[in-house]
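Top to bottom, those sequences are chains V and Z.
When you line the first sequence up against the working numbering, it's residues 3 to 219, in that order.
When you line the second sequence up against the working numbering, it's residues 16 to 261, in that order.
Where is the CB? At the ideal position from N, CA and C, for every residue including glycine.
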Amino acid sequence: MSATDIKGWDRQQMADRLAREFQDGWIVNLGVGIPTLCSNTDIGDRDILYHAENGVIGYGPVLPAGEEDLHLVNAGGQNVSLRPGAAIVHHADSFGIIRSGRIDVTVMGAYEVSAGGDFANWKVGRAKGGGIGGAMDLAACAKRVFIILEHTTRKGEPRLVPQCSLPVTARGVVTLVATNYGLFAPTGEGFAVIELAPGISLDAARAATGAPLMEGR
Amino acid sequence: MAQRSKQVAGFAAAVADIPDGAVIAFGGFAGPGTPYNLTKALLDQGARRLTCIGNTTGGAHQPRLPDIGMLVEAGQVAKVVCSFTAATRPTDVLPFTKYYEAGEVEAELVPQGTLAERLRAAGAGIPAFYTPAAVGTELAEGRETRVINGREYLLEYALPCDVAFIRAWRADAAGNLQFRLAQRNFCPLMAMAAKLTIVEVEEDILPAGALDPDQVHLSGIFVQRLVKVPPAPEGLWTVRRQERAK
Numbered sequence: 003m004s005a006t007d008i009k010g011w012d013r014q015q016m017a018d019r020l021a022r023e024f025q026d027g028w029i030v031n032l033g034v035g036i037p038t039l040c041s042n043t044d045i046g047d048r049d050i051l052y053h054a055e056n057g058v059i060g061y062g063p064v065l066p067a068g069e070e071d072l073h074l075v076n077a078g079g080q081n082v083s084l085r086p087g088a089a090i091v092h093h094a095d096s097f098g099i100i101r102s103g104r105i106d107v108t109v110m111g112a113y114e115v116s117a118g119g120d121f122a123n124w125k126v127g128r129a130k131g132g133g134i135g136g137a138m139d140l141a142a143c144a145k146r147v148f149i150i151l152e153h154t155t156r157k158g159e160p161r162l163v164p165q166c167s168l169p170v171t172a173r174g175v176v177t178l179v180a181t182n183y184g185l186f187a188p189t190g191e192g193f194a195v196i197e198l199a200p201g202i203s204l205d206a207a208r209a210a211t212g213a214p215l216m217e218g219r
Numbered sequence: 016m017a018q019r020s021k022q023v024a025g026f027a028a029a030v031a032d033i034p035d036g037a038v039i040a041f042g043g044f045a046g047p048g049t050p051y052n053l054t055k056a057l058l059d060q061g062a063r064r065l066t067c068i069g070n071t072t073g074g075a076h077q078p079r080l081p082d083i084g085m086l087v088e089a090g091q092v093a094k095v096v097c098s099f100t101a102a103t104r105p106t107d108v109l110p111f112t113k114y115y116e117a118g119e120v121e122a123e124l125v126p127q128g129t130l131a132e133r134l135r136a137a138g139a140g141i142p143a144f145y146t147p148a149a150v151g152t153e154l155a156e157g158r159e160t161r162v163i164n165g166r167e168y169l170l171e172y173a174l175p176c177d178v179a180f181i182r183a184w185r186a187d188a189a190g191n192l193q194f195r196l197a198q199r200n201f202c203p204l205m206a207m208a209a210k211l212t213i214v215e216v217e218e219d220i221l222p223a224g225a226l227d228p229d230q231v232h233l234s235g236i237f238v239q240r241l242v243k244v245p246p247a248p249e250g251l252w253t254v255r256r257q258e259r260a261k
C-alpha cells in the first residue's frame, strides 16, 4: 500500500483532535482553511474566546446567507456572528493582543513542519511572492502554535521533515501537529507520536515521515 | 463660530488633486472598510507611479470591485506594500501576482501586524520600533536586529502616507468617525499615518455635534474630506449588497 492510499483522519477529525487540547478560558486564533473547523468541535462547556486578526474578538459560528451582517467578518472573510461579551478593536490593538503574548494558541495550516518546531506556510519554492497575513506575528508571539496539515504531499513526500526546505514562517515554535495520520509533537530530534489515527500503524507513519518518530509524549 | 464642513460633493472632486508618485493607503479587510468608490475614482483620475499600501491587493474573489490590483492592471502603480503578494492557497493566482512575477511592479511584503504597527507608528510620531515578528525568516535577512531582554527583535520603520482612502459608517461634518464592526480594521491607523485622509461614508453625514464625543472612534483631526456613498448602483457597496440591489 502506498502512502497516498492511507486516509486516517479527515479534515474535521484533525481539527477536532487539536480543539480537544483547548483549555477552559483560552484565547484562540484560528488560521484560514482547515483550522477554522476547530470552532465546530464540541468541547463541552469549556469557555473559549475566538480572536480574529481584524480585531473581531469573541466571534461565533458562521451565519447562513441572508442572516449575515455584511459589516462583520472573521480573518478568513467569513460572515460570522458575535457571542455575548464580544468586542471590536482596530488592527494595531488586535496585533498588540498577539505580540504581548495574550493568545493561548494559534492554529495554522502549513506546507512543512520540522523536528525542531520550525514551520513553513507563506511561500512555495519557485514563487517570487508570498502570503504572510498575520502568520509571522502569531507564530512568533502566541503561547502555543498548533499546526494542521496532510501528512504527505500529493506526490507522497513527507511534510514532517528534519529541516524545512521552504522559507520558514517562524523557528522552534510548533508544539503540536495534527495530520491525517495522527497527533505528533516536535522533539528536536524527531516527532513524538501522541496518538495515531484509526487504521494507521506506527510503521506506516514512520514510512511517511521524513524525521524519526518516537513513541509516547 | 460654525465649523466648516469637510463634506466634498463627489468622489471625482475628492481625488482630483492626487499627484503622480503619491503614497496611498487603502483601508479594508476582506470587504468591510474597503474604499471601493474612492479606488474607482482614482482609476478614472489616472494618477501614475503610485505606491499603494493595503493588507492585500484584492482580486481573490469574483465578481471584483475596484481594488489595488485594478490600479496595477491599469499601469498606475510603481510599488505595493502589503501582507500578501500571493494568495493564501498557492493554486489561487491574484491578478496582481502576475504583474509582480513579471517584474512590472515592485512589492514590499510585510507581516500584517508589522504593517499595522508601522502605520500606527507613523501616525504617532514614532520613527521605528522593534518587533519579534519575522525574526529568523527570509524577511529578516540582512536587516538590523537587536537582542532585548534575551530575545531577538527586528527593526521596522514607520510607514507614513501622503493619502489614506478609508470607509466609515458614520461621520459628522467635523470629520469625526464611527466604524461599524469589522469595518474598523486598518482604517483609523491609515488615517493617522496620512497627511490627507479621504473617507467614504455609508450614512448621511451628520452636523457637527450630532455624534456623542464619547462614541467617536477616530477624531476629525485625522480626517480632511468626506464623501457620502450614494445608494447602489451609483455607489459601490459590497459585492453581495450590490447583487441584492439588482
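Nearest to residue i (by Cα), restricted to the options the options
i: Z:D35; options: Z:G61, Z:E123, Z:G46; result: Z:G61
i: V:I29; options: V:V126, V:V176, V:S102; result: V:S102
i: Z:I141; options: Z:A117, Z:P175, Z:E116; result: Z:P175
i: V:T189; options: V:A180, V:V176, V:N182; result: V:V176
i: Z:K55; options: Z:K210, Z:F180, Z:R199; result: Z:F180
i: Z:L65; options: Z:R79, Z:G84, Z:T152, Z:A148; result: Z:G84
i: V:R146; options: V:G119, V:K157, V:L168; result: V:G119
i: Z:T103; options: Z:F194, Z:C67, Z:T160, Z:T71; result: Z:T71
i: Z:I33; options: Z:R19, Z:F44, Z:L58; result: Z:L58
i: Z:L211; options: Z:H232, Z:F194, Z:L241, Z:Q230; result: Z:L241
i: V:P160; options: V:E23, V:W11, V:L215; result: V:L215
Under the three-state DSSP convention, the category residue i falls into
i: Z:F55; result: Per the sequence shown, the amino acid found at residue 55 of chain Z is Lys instead of Phe. In the structure shown, Z:K55 sits in a helix (DSSP, three-state: H, G or I).
i: Z:L130; result: helix
i: V:Q61; result: Reading off the sequence shown, one finds Tyr at residue 61 of chain V, where the question assumed Gln. If DSSP states are grouped into helix, strand and coil, V:Y61 belongs with the strands.
i: Z:Q60; result: helix
i: Z:P34; result: coil
i: Z:Q239; result: coil
i: Z:E153; result: helix
i: V:A206; result: helix
i: V:L39; result: helix
i: V:M3; result: In this predicted model, V:M3 has a pLDDT of only 47, less than 50, meaning its place in the structure is not dependable; the value taken from the coordinates is given anyway. In the structure shown, V:M3 sits in coil (DSSP, three-state: anything other than H, G, I, E or B).
i: V:F24; result: coil
i: V:C143; result: helix
i: Z:F44; result: coil
i: Z:Q230; result: helix
i: V:G133; result: strand
i: V:A67; result: coil
i: V:A180; result: strand
i: Z:A143; result: strand
i: Z:Q22; result: strand
i: Z:K261; result: Confidence in Z:K261 is poor, its pLDDT being 46 and thus under 50, which makes the residue's placement unreliable; the coordinate value appears in the next sentence. Here Z:K261 sits in coil by DSSP.
i: Z:A223; result: coil
i: V:A213; result: coil
i: Z:A29; result: helix
i: Z:A247; result: coil
i: V:A172; result: strand
i: V:A194; result: strand
i: V:A54; result: coil
Whether residue i touches residue j by CB criterion (9 Å)
i: V:A142; j: V:A172; result: yes
i: Z:D82; j: Z:G90; result: no
i: V:R13; j: V:L32; result: no
i: Z:I220; j: Z:Q239; result: no
i: Z:F237; j: Z:A206; result: yes
i: Z:E171; j: Z:T129; result: yes
i: Z:T49; j: Z:L86; result: no
i: Z:A131; j: Z:L204; result: yes
i: V:G27; j: V:G60; result: no
i: Z:A45; j: V:V75; result: yes
i: V:A199; j: V:F186; result: no
i: Z:F111; j: Z:I68; result: no
i: Z:R199; j: V:H93; result: yes
Within-9 Å CB hit, residue i to chain A
i: Z:C67; result: The structure shown contains no chain A; the protein chains it does contain are V and Z.
Start-end ranges of the alpha helix (DSSP H) lying completely within the region 159 to 218 of chain Z, minimum 4 residues: The alpha helix (DSSP H) runs lying completely inside the region 159 to 218 of chain Z and spanning 4 residues or more are 202 to 208, given in chain order.
Next on the checklist: Three or more C-beta pairs under 8 Å: does that hold for the region 73 to 87 of chain V against the region 137 to 153 of chain V?
Outcome noted: The region 73 to 87 of chain V, when compared against the region 137 to 153 of chain V, does not touch it at the 8 Å Cβ threshold.
Task: In chain order, each beta strand (DSSP E) run of at least 3 residues that lies wholly inside the region 72 to 123 of chain V - done: Taken in chain order, the unbroken stretches of beta strand (DSSP E) that lie wholly in the region 72 to 123 of chain V and span 3 residues or more are 82 to 90, 107 to 111, 114 to 116.
Is it the case that the region 178 to 193 of chain Z contacts the region 223 to 233 of chain Z, given that we only count it when at least three CB pairs across the two stretches are under 8 Å?
Counting Cβ pairs under 8 Å, three or more are found: they touch.
* Asked: Contact between the region 89 to 106 of chain Z and the region 56 to 68 of chain V: three or more CB pairs below 8 Å?
  -> In short, these stretches do not touch, since the Cβ pair count stays below three.
Below 8 Å, can you find three or more Cβ-Cβ pairs linking the region 202 to 211 of chain V to the region 42 to 49 of chain V? Contact fails: fewer than three Cβ-Cβ distances are below 8 Å.
- [ ] Say whether the region 172 to 187 of chain V touches the region 19 to 31 of chain Z, bearing in mind that this needs 3 or more beta-carbon pairs closer than 8 Å, one atom from each stretch.
- [x] Counting Cβ pairs under 8 Å, fewer than three are found: no touch.
Q: Could you name each continuous beta strand (DSSP E) segment of 3 residues or more that falls completely within the region 72 to 120 of chain Z, going from the start of the chain to the end?
A: Here the runs fully enclosed are 92 to 97.
Q: Count the CB pairs spanning the region 81 to 91 of chain V and the region 103 to 123 of chain V that are closer than 8 Å, and state whether there are at least three.
A: For the pair of segments examined, the region 81 to 91 of chain V was found not to touch the region 103 to 123 of chain V: the number of CB pairs separated by less than 8 Å stays below three.
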